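Novice: Please see the structure below; I have some questions.
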Amino acid sequence: DQGLQLDPESQECKQGKEQVLAKISETSRSKEVDPEQIQHAMADPEIQRILRDPQINLFLKSMQENPAEAQKAMMADAKLQEAVSKLMAAGIIRTG
Numbered sequence: 003d004q005g006l007q008l009d010p011e012s013q014e015c016k017q018g019k020e021q022v023l024a025k026i027s028e029t030s031r032s033k034e035v036d037p038e039q040i041q042h043a044m045a046d047p048e049i050q051r052i053l054r055d056p057q058i059n060l061f062l063k064s065m066q067e068n069p070a071e072a073q074k075a076m077m078a079d080a081k082l083q084e085a086v087s088k089l090m091a092a093g094i095i096r097t098g
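Residues in the sequence shown are numbered consecutively from 3, following this note's numbering.
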């Protein structure tokens, strides 16, 4: 995203972003858990901060108990959307 902020028309940046998003999507649907990926993610201060957030913890619990309601809550809250996106990218949340 930073490259696209500097040059919104850069084809290289656009292709790179598409490739990253495709890999994130593929990884999040995978049933296989990569322990090294999880360990790396858990060492990330931003992931640690997200996981310590009480609102995020309530959301994660509601995802297990009532996924449809949690999905509605996420769609209405930009902070939740961003946090879930980061947790998915890190491999913490999987959809598969």
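All residues carry an ideal CB built from backbone N, CA and C; glycine is no exception.
Source: prediction; values computed, not measured.
Inspect the CB distances between the stretch 54-61 and the stretch 34-46 and report whether three or more fall short of 8 Å.
Specialist: no
Novice: Please report how far the alpha carbon of residue 73 lies from the alpha carbon of residue 62, in whole angstroms.
Specialist: Translated into positions along the sequence shown, residue 73 becomes position 71. Translated into positions along the sequence shown, residue 62 becomes position 60. Their Cα atoms are separated by approximately 10 Å.
Novice: Under DSSP, the alpha helix (DSSP H) around residue 59 begins and ends at which residues?
Specialist: Taking the first residue of the sequence shown as position 1, residue 59 is located at position 57. Counting along the chain, the alpha helix (DSSP H) containing residue 59 begins and ends at 56-67.
Novice: Please tell me whether residue 38 has its Cβ less than 7 Å away from any Cβ of chain D.
Specialist: Checking the listed chains, one finds no chain D in this structure; it contains a single protein chain.
Novice: Does any heavy atom of the ligand FMN sit closer than 6 Å to the C-beta of residue 51?
Specialist: Here there are no bound small molecules, and the ligand FMN is not part of this structure.
Novice: Less than 7 Å separating the beta-carbons of residue 93 and residue 39?
Specialist: On the sequence shown, position 91 is the one that residue 93 refers to. On the sequence shown, position 37 is the one that residue 39 refers to. One thing to note: residue 93 has its Cβ within 7 Å of the Cβ of residue 39.
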